[in-house]
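In our numbering, the protein residues as written are 553 to 703.
Printed below as a string of structure tokens:
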């Protein structure tokens, strides 16, 4: 064999060996099975990675949007539940006021004043405090809540 032919065979064998090594080391090698400009290969790989990153960003934004929507629905549900509880507490307070008024009327009609009225007033005050603590309202906030029609 001539020297030139022998050199071509060695170059071909080494190129094949390099391709096999690249195929094992580079996950994008299948995209570029033929020897090409390395800069071009890096540009195409960068574009693929950027596209993958963009898809991940879109997915992350979608997840965030879903979470925000879920949190908003949950907050709305909690607010509705708090309104229902406040309305129930208001009804209970009105019932206690009516009972107190009934007791006061019966006392004025001739009953004993001291123990019965004090018990009912204490019970009414306890209900007010329970309502305030249940709704996270301090005593200073009671006037504001009454002004809003909640308490």
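Cβ atoms here follow ideal geometry from the backbone N, Cα and C, with glycine treated the same way.
Where residue 687 falls: helix, strand or coil (DSSP): Along the chain shown, read from residue 1 onward, the residue named residue 687 stands at position 135. Residue 687 falls in the coil class under three-state DSSP.
Backbone secondary structure at residue 661 - three-state DSSP: By one-based count along the chain shown, residue 661 stands at place 109. Three-state result, residue 661: coil.
State the CB to CB distance for the pair residue 646 and residue 672, rounded to an integer number of angstroms; the pair is presumed to be in contact (CB under 8 Å). In the chain shown, counting from the first residue as 1, residue 646 sits at position 94. In the chain shown, counting from the first residue as 1, residue 672 sits at position 120. Their Cβ separation, rounded to whole angstroms, is 14 Å, which puts residue 646 and residue 672 out of contact at 8 Å.
Pull up the distance between the alpha-carbon of residue 622 and that of residue 655, whole angstroms please. The residue given as residue 622 occupies position 70 in the chain shown. The residue given as residue 655 occupies position 103 in the chain shown. Cα to Cα, residue 622 sits roughly 49 Å from residue 655.
With a cut-off of 8 Å on the beta carbons, I'd call residue 676 and residue 641 a contact; round off their distance for me. Stepping through the chain shown from its first residue, residue 676 is reached at position 124. Stepping through the chain shown from its first residue, residue 641 is reached at position 89. Actually they are not in contact, since the Cβ atoms of residue 676 and residue 641 sit about 13 Å apart, beyond 8 Å.
Check this for me: beta carbons of residue 637 and residue 679, under 8 Å apart or not? As a first step, residue 637 is located in the chain shown; it is residue number 85 there, counting from the start. As a first step, residue 679 is located in the chain shown; it is residue number 127 there, counting from the start. No, these two residues do not count as a Cβ contact at 8 Å.
For residue 685, is the classification buried or exposed, using 16 other Cβ atoms within 10 angstroms of its Cβ as the cut-off for buried? As a position in the chain shown, residue 685 is number 133, starting the count at 1. So residue 685 ends up on the exposed side.
Taking the alpha-carbon positions, what's the residue 703 to residue 630 distance? Residue numbering aside, residue 703 sits at position 151 when the chain shown is read from its first letter. Residue numbering aside, residue 630 sits at position 78 when the chain shown is read from its first letter. Because the pLDDT of residue 703 is 49, which lies under 50, any placement of that residue in the model is unreliable, and the question is left without a value.
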